[in-house]
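Below is one structure, written out as structure tokens, with a few remarks after it.
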Amino acid sequence: MYDIGTRERAVALVAQGRSLSSVSRETGISRYAIRSWQTRIEPVERAGKPCPRCREEPGPPQDQPAYAYLLGLYLGDGCISAHRRGVYFLRVVLDTAWPGIIEACEAAVRAVRPDNSVFRVRRQGCVAVSSASKHWPCLFPQHGPGKKHERPIVLEPWQWAIVRDHPWEFVRGLVHSDGCRVTNWTTRTVAGERKRYEYPRYFFCNKSDDIRGLFTDALDLVGVEWTTLARGGAPFTVSVARRASVALMDLHVGPKC
936 MYDIGTRERA
946 VALVAQGRSL
956 SSVSRETGIS
966 RYAIRSWQTR
976 IEPVERAGKP
986 CPRCREEPGP
996 PQDQPAYAYL
1006 LGLYLGDGCI
1016 SAHRRGVYFL
1026 RVVLDTAWPG
1036 IIEACEAAVR
1046 AVRPDNSVFR
1056 VRRQGCVAVS
1066 SASKHWPCLF
1076 PQHGPGKKHE
1086 RPIVLEPWQW
1096 AIVRDHPWEF
1106 VRGLVHSDGC
1116 RVTNWTTRTV
1126 AGERKRYEYP
1136 RYFFCNKSDD
1146 IRGLFTDALD
1156 LVGVEWTTLA
1166 RGGAPFTVSV
1176 ARRASVALMD
1186 LHVGPKC
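For the sequence shown, position 244 (counting from the first letter as 1) is numbered 1179 according to the working numbering, and the numbering increases by one without interruption.
Shown next as structure tokens:
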């Protein structure tokens, strides 16, 4: 017998487009069992707090710092896909090189929807932190058909209010998804001698003009100076290189871990 979490995870893998055979090999569960769960498994009904956006007077999520962080992760590396009976899966795909970010993502998902289960789906080189709920589109109205960089991405007023109150959490989520901290170097001639100098720098890369704009708007809120770099003629990269701004980023974001 398999518990409901194991069943949901197996069905979620198939829903992502995986074959029954590959899911069976990964989980050790027979193809017959997985196929039967696709038609018989029922979403677990949990008694808990209702969605804050579905109340008679809609409000923000209770844990707003966690939501701001998760919003940044979702805009960078997340997606929402429809399942059966009005249930949606939130997935944030993260590199296995950063176990601390995977833990932080899972904690944020649990904080935003404490009555829904959270599970991890391992793939080659990455982990998808996933959770099923009927209310993910309520909480992330940016959900829609197609790739994010091919459609408008605009925050709702209530989302922007959360970002204004918790800008660093939002910046951290975006950097943890599509950003990095690197060490650049250059050489200078001092007193006739060529010397190498190293300095830290932050980059954020995203093809969506709207998402990059949200990132730079948040940087403006916290007083971080930034510039835009063009890649192949397109301004896909935001750079933070000034010493005072890097120091602020180090204090509130830091290297990935």
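From the three backbone atoms N, C-alpha and C, an ideal C-beta is built for every residue, glycine too.
No experiment lies behind these values; they were computed from the predicted model shown.
- Within the same chain, and ignoring the five residues on either side of residue 1084 in sequence, the residues whose Cβ sits closer than 6 angstroms to its Cβ are 1142, 1143.
- Shortest Cα-Cα distance from residue 1011 to any of 1106, 1180, 997 involves 1106.
- No Cβ-Cβ contact shorter than 7 angstroms links residue 1180 with residue 1138.
- When the beta-carbon positions are compared, residue 1003 and residue 1101 come within less than 7 angstroms of each other.
- Boundaries for residue 1061: no alpha helix (DSSP H) harbours it, while the beta strand (DSSP E) harbouring it runs 1061 to 1068, taken from the DSSP string.
- For residue 1033, there is no enclosing alpha helix (DSSP H), as DSSP marks it with neither H nor E.
- Under the DSSP definition of a beta bridge, residue 1135 partners with 1118.
- In this structure residue 1059 is exposed. Its beta-carbon is surrounded by fewer than 16 other beta-carbon atoms within 10 angstroms.
- The distance from the Cβ of residue 1136 to that of residue 1190 is about 12 angstroms, inconsistent with a contact at the 8 angstroms cut-off.
- Leaving aside the five residues that flank residue 1086 on each side, the residues in its chain whose CB is nearer than 7 angstroms to its CB run, in chain order, 1079.
- Here DSSP, grouped into helix, strand and coil, assigns residue 1017 to strand.
- Counting along the chain, the unbroken beta strand (DSSP E) around residue 1054 starts and ends at 1053 to 1058.
- The three-state secondary structure of residue 945, taken from DSSP, is helix.
- Separation of the CB atoms of residue 1108 and residue 1029 is rounded to 11 angstroms, and the pair is thereby denied contact status at 8 angstroms.
- Here residue 1057 is exposed. Its C-beta has fewer than 16 other C-beta atoms within 10 Å.
- By the CB criterion at 7 angstroms, residue 1088 and residue 1015 fall outside the cutoff.
- Judged by beta-carbon spacing, residue 986 lies beyond the 7 angstroms limit of residue 1061, meaning their Cβ atoms are not closer than that value.
- In this structure, the beta-carbon distance from residue 1124 to residue 1132 does not fall below 7 angstroms.
- The Cβ neighbour count for residue 1013, taken over all protein chains shown within 10 Å, is at least 16; the residue is labelled buried.
- Close CB contacts of residue 964 within its chain, under the 6 angstroms cut and outside five residues either way in sequence, are with 945 (chain order).
- The alpha-carbon of residue 942 is positioned some 25 angstroms away from that of residue 1034.
- In the DSSP annotation of this structure, the continuous segment of the alpha helix (DSSP H) that includes residue 1071 starts and ends at 1071 to 1074.
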